[in-house]
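Per our numbering, the sequence shown starts with residue 3, numbered consecutively.
The beta-carbon is built from N, C-alpha and C at its ideal position, and this holds for glycine as well.
Treat the numbers as computed from the prediction; the structure is a model and nothing was measured.
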Amino acid sequence: MATLDNIRKRSGLVITLIGVALGAFVLTDALGSGATLNSANQSIVGEINGQTIDNTDFSSRMEEIRKVDQAYSNLASSALANIVWQNWAREVVMGEMYDELGFKITGAELSQEVINNPNIRQMPAFQNQNGMFDPMLMSQMLDNLEAQASQNEQALEQWNGWVRFEQDVKEQALTFKFN
Numbered sequence: 003m004a005t006l007d008n009i010r011k012r013s014g015l016v017i018t019l020i021g022v023a024l025g026a027f028v029l030t031d032a033l034g035s036g037a038t039l040n041s042a043n044q045s046i047v048g049e050i051n052g053q054t055i056d057n058t059d060f061s062s063r064m065e066e067i068r069k070v071d072q073a074y075s076n077l078a079s080s081a082l083a084n085i086v087w088q089n090w091a092r093e094v095v096m097g098e099m100y101d102e103l104g105f106k107i108t109g110a111e112l113s114q115e116v117i118n119n120p121n122i123r124q125m126p127a128f129q130n131q132n133g134m135f136d137p138m139l140m141s142q143m144l145d146n147l148e149a150q151a152s153q154n155e156q157a158l159e160q161w162n163g164w165v166r167f168e169q170d171v172k173e174q175a176l177t178f179k180f181n
């Protein structure tokens, strides 16, 4: 009973403390979420070595991977986002290291890596009548695909898939050379 009486006598102090606590709670939530005071940062996914990753770029990379590689099409968004983030981080960090150390893959090296890729060598579209891989046939088909990319949506998607494949092969070759 004595405690309740003390609270009644100091009701102004109790109300002030509750108001301060409520105000701190509201301010913490507003500052933490960035919804009202910091809305510019909502479009940023993260930062890798000082390079900011925009939500639009990140989402388009996820969609591109889903379109190009069927293995990723049924993957949960969070798992795919994790894969994209790890790949992006590796590209940025290792890319800076490769540049700093002078590691490069020339056009001839990239061509050789693509031609020696077992997936490419086994593609029926790149094989001659004897079932042997034909680099000239591959070159002609890629030239045609590149020419059609500006006129046909499906050809554009296939061309973008090829460019992404070459980038992956180049990244693997750089990693192999570095190691």
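Hey, which unbroken runs of the alpha helix (DSSP H) at 4 residues or more fall wholly within the region 97-129? 109-118 and 120-123
Start-to-end residues for the alpha helix (DSSP H) that takes in GLY163: 155-180
Proximity below 8 Å, CB of ALA112 to CB of GLU148: Looking at the sequence shown, residue 112 is not Ala but Leu. Not closer than 8 Å, so no.
DSSP-derived helix/strand/coil call for GLY48: strand
Per-residue burial, ARG10 [other beta carbons within 10 Å of its own, 16 or more giving buried]: exposed
Applying the 10 Å Cβ sphere with the 16-neighbour rule, what's the burial state of ARG92? exposed
Hey, how far is the Cα of ALA81 from the Cα of TRP87? 10 Å
Can you list, in chain order, the residues of its chain whose CB lies under 8 Å from that of THR177, leaving out five sequence neighbours each side? MET96
Just to confirm the assignment: which complete alpha helix (DSSP H) runs, minimum length 4, are found wholly within the region 48-75? 57-70
Going by beta carbon distance, what residues of the same chain come within less than 7 Å of ARG123, once the five residues before and after it are set aside? PHE135
Over what stretch of residues does the alpha helix (DSSP H) that includes SER141 continue unbroken? 137-151
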